[in-house]
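One gets our numbering by counting positions in the sequence shown from 1 and adding 25 to each. Even glycine gets a Cβ: it sits at the ideal position worked out from N, Cα and C. Everything below concerns the one structure shown next.
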Amino acid sequence: MINAMPDKFDIQKIIKLVQEQKPESQEIVSALQNCQDGHWSGKAYYQFVDSGNPNEPGTEWQHEECIIIEQQNDGDIVIDLLKDGRVGGIEFTDLIEK
């Protein structure tokens with residue numbers, strides 16, 4: 026069964042999971058704490074930064090890496106980190122249609 030897309034999610038829960046699973050990655054915690062306005066750009070993806078023309082010169086979305094955070098009872102969380110240290114978006118794998 027496909028889970029319904031929530032209006033909001035608990036970023037503090039994600040921060041706690043990062044602190045537990047990647048304690049050496051304080052920069053990810055800081056980036057998550059600095060996340061502000063975002064929107065659902067799909068059923069499973071919450072976006073903070075415009076991803077139009079990704080990785081093209083002069084665009085905001087310059088992808089650096091993906092960090093995968095595991096959850097015991099829910100699907101994994103994939104955090105897209107950008108080259109400037111911001112979080113571009115967060116994917117909730119339990120919301121992806123199978």
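(request) Locate the alpha helix (DSSP H) running through Val54, then write down its first and last residues. (result) Counting along the chain, Val54 sits inside the alpha helix (DSSP H) bounded by residues Gln51 to Gln58.
(request) Put Asp119 into one of helix, strand or coil per three-state DSSP. (result) helix
(request) Tell me, please, whether the segment 107-119 touches the segment 57-67 by the rule of three or more beta-carbon pairs shorter than 8 Å. (result) yes
(message) In whole angstroms, give me the CA-to-CA distance for Gln51 and Glu90.
(response) 15 Å
(request) Give the secondary structure of Glu81 by DSSP, where H, G and I count as helix, E and B as strand, and everything else as coil. (result) coil
(message) What does the Cβ neighbour count give for Asp35, buried or exposed, with the cut at 16 atoms within 10 Å?
(response) exposed
(message) Taking its Cβ as the centre, do 16 or more other Cβ atoms sit within 10 Å of Glu116, making it buried, or is it exposed?
(response) Counting Cβ neighbours within 10 Å, Glu116 comes out buried, since at least 16 surround it.
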